[in-house]
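Student: Using full-length UniProt numbering, you'd call the opening residue of the sequence shown number 1 and step up by one each time. All residues carry an ideal CB built from backbone N, CA and C; glycine is no exception. Keep in mind that this is a model prediction, so the values were computed, not measured. Structure provided below as structure tokens; questions to follow.
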Amino acid sequence: MKRVSKRKVYWGRLLVLILPVFLVLGFIGFGVYKLVSYPTEEILQVKKPEHITQETFDQLKEKTLENYEYKPIFLHLDQYSQDILEFLLKDEDRLSFVEAYPQKDNYSNGPGTLSETLDTIPKLLQWDLRWGYIPYGENDIYLTGCAPTCLSMVFSYLLQDSSLTPDVLASYSSQQGFYVNGAGTDWQFLTDAAQHYGVQVERAQVSLQDMKARLENHQILVCSMLPGDFTQVGHFILVTGMEDGEFTVIDPNSIKHTNQTWDADTLLSQMQAVWSYSV
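In structure tokens, the structure reads:
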């Protein structure tokens, strides 16, 4: 009778146990390779649409290679305007809003009421899907609606009225002829709308002393900003208080600006005019 080597038997059993492990690791490695390499190859093959500038295309390609959350937009650039892509490149927080651009017609009706609590001033963005793609002036609220969005925050809080949404204030502004093509919202809107809705409004001074006194008196300030940290052309923001000698603001166009305090000299140097609101 032939004797079988125990060593061969053990190696055979070991091979049976190890082989499936190597196969599994191989499949995992191939999957990881496909996950990493295939999207990169797909992105590099995208051709620039004619209506998109080369600079915008190159910047978006770089963004997409760094962050695949940009991929749904980059792979369908023909469905996006030059304006909306430039809007995205200025702030990555706008990504989900911009991604919905091809379906913007589905967002043509306002929400009716705000869902935010009115125990504090609601922090609203003009590029919110609830109203951002509703027309205002020569574009949509996301691009031109900083003034209506600011007054929506002020009026809804002071009057405790959740129906005063940015699209409602934008509609009032349009009906009264306060939007001027090429210039934006006329300053008269800031006083006329307050009188219309029953809110007290005064022109304030662009000075630390006057603004601080008004804030201590629980007034809310709407400020017209010059080109600088907040805008390249013109913009409206809220100044809501002071912390450790610095202003707290709500910028309807930037989450980052809202989530920081601002040195008084920096803010005042970029401020063109101020209105204070109260009830």
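1. By DSSP, does V168 sit in helix, in strand, or in coil?
2. To the nearest angstrom, report how far apart F30 and L267 are at their CA atoms.
3. Verify whether the separation of the beta carbon atoms of T64 and F74 is less than 8 Å.
4. Just how far apart, CA to CA, sit Y277 and V46?
5. Per DSSP, F247 is paired with what?
6. Could you give the DSSP three-state label for H218: helix, strand or coil?
7. Strictly by DSSP, which residues pair up with N67?
8. Short check: CB of Q272 to CB of S224, under 8 Å?
9. Of all the options A147, D83, V199 and Y157, which has the alpha carbon lying nearest to the alpha carbon of S115?
10. Please state the DSSP three-state secondary structure of F236.
11. Grab the span of the beta strand (DSSP E) containing A273 for me, first residue to last.
12. Just confirm the distance between the C-beta atoms of residue 333 and W127, as a whole number of angstroms; I'd bet it's less than 8 Å.
13. Would you check if there are 3 or more beta carbon pairs closer than 8 Å linking the stretch 257-265 to the stretch 230-245?
14. Quick test of the definition: if touching needs 3 or more C-beta pairs under 8 Å, does the stretch 206-221 touch the stretch 166-178?
15. Looking at the structure shown, is L267 part of a helix, part of a strand, or coil, going by DSSP?
Tutor: Quick answer:
1. The residue labelled residue 168 in the question sits at position 168 within the sequence shown. Correct three-state label for V168: helix.
2. Translated into positions along the sequence shown, residue 30 becomes position 30. Translated into positions along the sequence shown, residue 267 becomes position 267. Note on F30: pLDDT 44, under 50, position unreliable in the model; no value is reported.
3. Here residue 64 corresponds to residue number 64 of the sequence shown, with the count starting at 1. Here residue 74 corresponds to residue number 74 of the sequence shown, with the count starting at 1. A contact, by the Cβ cut-off of 8 Å.
4. Translated into the one-based positions of the sequence shown, residue 277 becomes position 277. Translated into the one-based positions of the sequence shown, residue 46 becomes position 46. Per the coordinates, the alpha-carbon of Y277 lies some 51 Å from the alpha-carbon of V46.
5. Against the sequence shown, residue 247 aligns to sequence position 247. Answer by DSSP bridge pairing, in chain order: M242 and W262.
6. Position 218 of the sequence shown, counting from 1, holds the residue named residue 218. Coil, per DSSP.
7. Numbered from its first residue, the sequence shown carries residue 67 at position 67. None, per the DSSP bridge assignment.
8. Here residue 272 corresponds to residue number 272 of the sequence shown, with the count starting at 1. Here residue 224 corresponds to residue number 224 of the sequence shown, with the count starting at 1. Taking 8 Å as the Cβ cut-off, Q272 and S224 qualify as a contacting pair.
9. For the purposes of this step, residue 115 is taken as the residue at position 115 of the sequence shown. Comparing Cα-Cα distances from S115 to each of A147, D83, V199 and Y157, the minimum goes to Y157.
10. As a first step, residue 236 is located in the sequence shown; it is residue number 236 there, counting from the start. Note: F236 maps to strand in three-state DSSP.
11. Counting from one through the sequence shown, the residue named residue 273 turns up at place 273. Segment M271 to S278, the beta strand (DSSP E) holding A273.
12. With the chain covering only 1 through 279, there is no way to say anything about residue 333.
13. yes
14. Segments in contact, no.
15. Looking up residue 267 in the sequence shown gives position 267. Of the three classes helix, strand and coil, the one that applies to L267 here is helix, per DSSP.
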